[in-house]
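Below you'll find the structure, written out as structure tokens, and then a few comments.
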Amino acid sequence: MADWSVWSRDTALALGDELPFSSLTLLLKHLDVSTGIVMFPFTPQRWNDTGPGCGVVARRDGVDLLTGPVVEQQLLWDAGSERALIKLMVEGDETRLADRIVWPDPTRQPDAQSTVDYWTATETPSAGMLRLVREQAGSSAQADYRIPRLYLGPDPGIGAAQPWSFRYDGLLDALATMSVRSGANIAPRLTSTVDGLRLDVIAPRNLAASVDFTVELGNLTGVTFRRGRPDVTDAVTAGGGDLKLRLQRVVTTTDAEDLAWLLRRWRYIDRRDTTDTAELLKSAADGVAGGQGMQSVAFALADTGDVRYGVDWGPYPGDTVTVYVAVPGFGDPVGTVVDVVRQIRLDVDEDGAEAITPAVGGPDATVKPTPASRAVAARVGTRLSLLERRK
1 MADWSVWSRD
11 TALALGDELP
21 FSSLTLLLKH
31 LDVSTGIVMF
41 PFTPQRWNDT
51 GPGCGVVARR
61 DGVDLLTGPV
71 VEQQLLWDAG
81 SERALIKLMV
91 EGDETRLADR
101 IVWPDPTRQP
111 DAQSTVDYWT
121 ATETPSAGML
131 RLVREQAGSS
141 AQADYRIPRL
151 YLGPDPGIGA
161 AQPWSFRYDG
171 LLDALATMSV
181 RSGANIAPRL
191 TSTVDGLRLD
201 VIAPRNLAAS
211 VDFTVELGNL
221 TGVTFRRGRP
231 DVTDAVTAGG
241 GDLKLRLQRV
251 VTTTDAEDLA
261 WLLRRWRYID
271 RRDTTDTAEL
281 LKSAADGVAG
291 GQGMQSVAFA
301 LADTGDVRYG
311 VDWGPYPGDT
321 VTVYVAVPGF
331 GDPVGTVVDV
341 VRQIRLDVDE
351 DGAEAITPAV
361 GGPDATVKPT
371 PASRAVAARV
381 GTRLSLLERR
391 K
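So the sequence shown is numbered by full-length UniProt numbering: it starts at 1 and just counts up by one.
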């Protein structure tokens, strides 16, 4: 059985006292804001230690799985049981990225953004992520935009240099866009340390050849498998010029799964900012890639000795694994998903017994489908397809 503990964190990010929880639920998310719900017996000290501005650290076997601010605090008291509980809603520290936007000029106030049209850089994806955070929320940013006590880890040097440009995008959405365009599934990871909040760019592992989840192996005890039609099969990009003189390029999907739906779905992408043929083709290809059909699986996990959570995969989402979707007694699998672990739900009781539910698939893969998760995927897809009207 894993060793779980939950701790309070004060307004200066210093670790406080251990909280003897009666229940804990974590929803860890890749390129999105993780969340947690924790309940523990009330004392006045614990109430004060987990109030506004404070945070929580949830640990499993000595690894901090979720660190972040308390966003809601509840006091639950029942006269019948004479039991008083504190219930906390927590968000991961990456919420500090999600709460910020990308300013064209992050050294100027919001009402003085009149010097440049876009924040731009030409960097490798990992260096670009670090530069974006440093200039928008770190030491190089205007004071009001900074995340307090933020510092950056070293550049892991992932990917080839390419141009980046953003304008008033959500900061976390921009980082997700950079991740997708990197082709390496990289992600920012914020961790709470004695020195403050440290941001590293992480390259999760591709474990598709070594980590399998199947009924036959006994590590998969229930599935929810979803697949859906593509949003885009054909994308036409129009470059600079006047009406009929605009240079246009078209990309059509060759993905067998998308073609099997027998649907043609067109998207028009306005790129009047460029006449570069290669850039127009890339924008069209991004539009098709961002509109691929949805395929994902959420499954109940039996943590077997062959494939152990936190040892062979995880403990954070982001690893690529293989899931064979089958119903016992009905022959071959109905589907095989080789994709990224997008979410991991962990339910832990007061004795430390845990239930682990991963979700594997595209950007909208969730443990339980929600409109909010679809909205995040749509925002990133829109940014990838460069559909914004450029002035």
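Glycine included, every Cβ here is placed at the ideal spot set by N, Cα and C.
Run the CB neighbour count on residue i, radius 10 Å, all protein chains shown included, and call it buried at 16 or more, exposed below.
i: Thr370; result: Model confidence at Thr370 stands at a pLDDT of 41, short of 50, so the residue's coordinates are unreliable and nothing is read from them.
i: Ile186; result: buried
i: Met39; result: buried
i: Gly157; result: exposed
i: Ser373; result: Its pLDDT being 41, under 50, Ser373 is placed unreliably by the model, and nothing is read from it.
i: Phe299; result: buried
i: Tyr168; result: exposed
i: Ser182; result: buried
i: Asp78; result: exposed
i: Thr67; result: buried
i: Phe330; result: exposed
i: Arg271; result: buried
i: Gln295; result: buried
i: Leu76; result: exposed
i: Asp351; result: exposed
i: Arg9; result: buried
i: Asp332; result: exposed
i: Arg83; result: exposed
i: Asp306; result: exposed
i: Arg264; result: exposed
i: Thr115; result: exposed
i: Tyr324; result: buried
i: Trp313; result: buried
i: Gly239; result: buried
Along the chain, where does the beta strand (DSSP E) containing residue i start, and where does it finish?
i: Glu354; result: Glu354 to Gly361
i: Thr177; result: That residue, Thr177, is in no beta strand (DSSP E); its alpha helix (DSSP H) goes Leu171 to Ser182.
i: Leu200; result: It should be pointed out that residue 200 corresponds to Asp in this sequence rather than to Leu. Residues Gly196 to Ile202.
i: Ala187; result: Ala187 to Thr193
i: Ala161; result: Premise fails: Ala161 is in no beta strand (DSSP E) and is neither H nor E.
i: Ala238; result: Asp234 to Ala238
i: Leu263; result: Here Leu263 belongs to no beta strand (DSSP E), and DSSP marks it neither H nor E.
i: residue 410; result: With the chain running from 1 to 391 in the structure shown, residue 410 is simply not present.
i: Arg227; result: Leu220 to Arg227
i: Val6; result: Trp4 to Arg9
i: Tyr151; result: Leu150 to Leu152
Residue i: which of the options sits nearest, CA to CA?
i: Thr233; options: Ala285, Ser81 and Glu350; result: Ala285
i: Leu31; options: Val337, Thr322 and Tyr316; result: Tyr316
i: Glu91; options: Ala289, Leu27 and Gly51; result: Leu27
i: Ala289; options: Glu350, Pro230 and Trp313; result: Pro230
i: Asp105; options: Ala79, Glu82 and Ala137; result: Ala137
i: Met1; options: Leu66, Arg60 and Pro188; result: Arg60
i: Thr357; options: Gly68, Val325 and Tyr309; result: Tyr309
i: Glu72; options: Leu85, Arg198 and Thr50; result: Thr50
i: residue 404; options: Ala12, Arg267, Ala326 and Pro188; result: This structure does not reach residue 404, given that the chain is present from 1 up to 391, and the question cannot be answered.
i: Thr25; options: Ser5, Ala14 and Thr11; result: Ser5
i: Ser165; options: Ala121, Asp173 and Ala112; result: Ala121
i: Arg146; options: Glu135, Arg205, Pro154 and Asp155; result: Glu135
i: Leu190; options: Asn206, Pro148 and Ala208; result: Pro148
i: Phe203; options: Phe42, Lys87, Pro41 and Met129; result: Strictly speaking, residue 203 in this sequence is Ala, with Phe absent from that position. The shortest Cα separation from Ala203 among Phe42, Lys87, Pro41 and Met129 belongs to Met129.
i: Val321; options: Gly16, Thr336 and Pro328; result: Thr336
i: Phe225; options: Ala326, Val102, Leu19 and Leu15; result: Ala326
i: Ala208; options: Ala143, Thr95, Val338 and Asp155; result: Val338
i: Thr95; options: Gly239, Val70, Val211 and Ser283; result: Val70
i: Thr237; options: Ser283, Trp266 and Ala160; result: Ser283
i: Thr199; options: Phe21, Leu172, Arg227 and Gln109; result: Before going further, note that residue 199 is Leu rather than Thr in the sequence given. Ranking Phe21, Leu172, Arg227 and Gln109 by Cα distance to Leu199 puts Leu172 first.
Counting along the chain, where does the alpha helix (DSSP H) carrying residue i start and finish?
i: Glu123; result: Not the alpha helix (DSSP H): Glu123 falls in the beta strand (DSSP E), residues Trp119 to Glu123.
i: residue 398; result: The chain is shown only over 1 to 391; residue 398 falls outside these bounds and no answer can be derived.
Fully enclosed by the region 17-105, which alpha helix (DSSP H) runs are 4 residues long or longer?
44-49 and 95-98
What are the uninterrupted segments assigned as alpha helix (DSSP H) that are 4 or more residues long and contained completely in the region 277-356, given in chain order?
277-290
So does the region 52-67 actually touch the region 22-36, counting three or more Cβ pairs closer than 8 Å?
yes
Does the region 346-353 come within contact of the region 84-99, defined as at least 3 CB pairs closer than 8 Å?
They do not touch, by the three-pair rule.
Do the region 256-267 and the region 232-246 touch if we need at least three Cβ pairs shorter than 8 Å?
The region 256-267, when compared against the region 232-246, does touch it at the 8 Å Cβ threshold.
Cβ contact check for the region 299-314 and the region 215-226: 3 or more pairs under 8 Å
yes
Answer yes if the region 237-246 comes into contact with the region 264-281, meaning at least three C-beta pairs across the two stretches below 8 Å, and no otherwise.
yes
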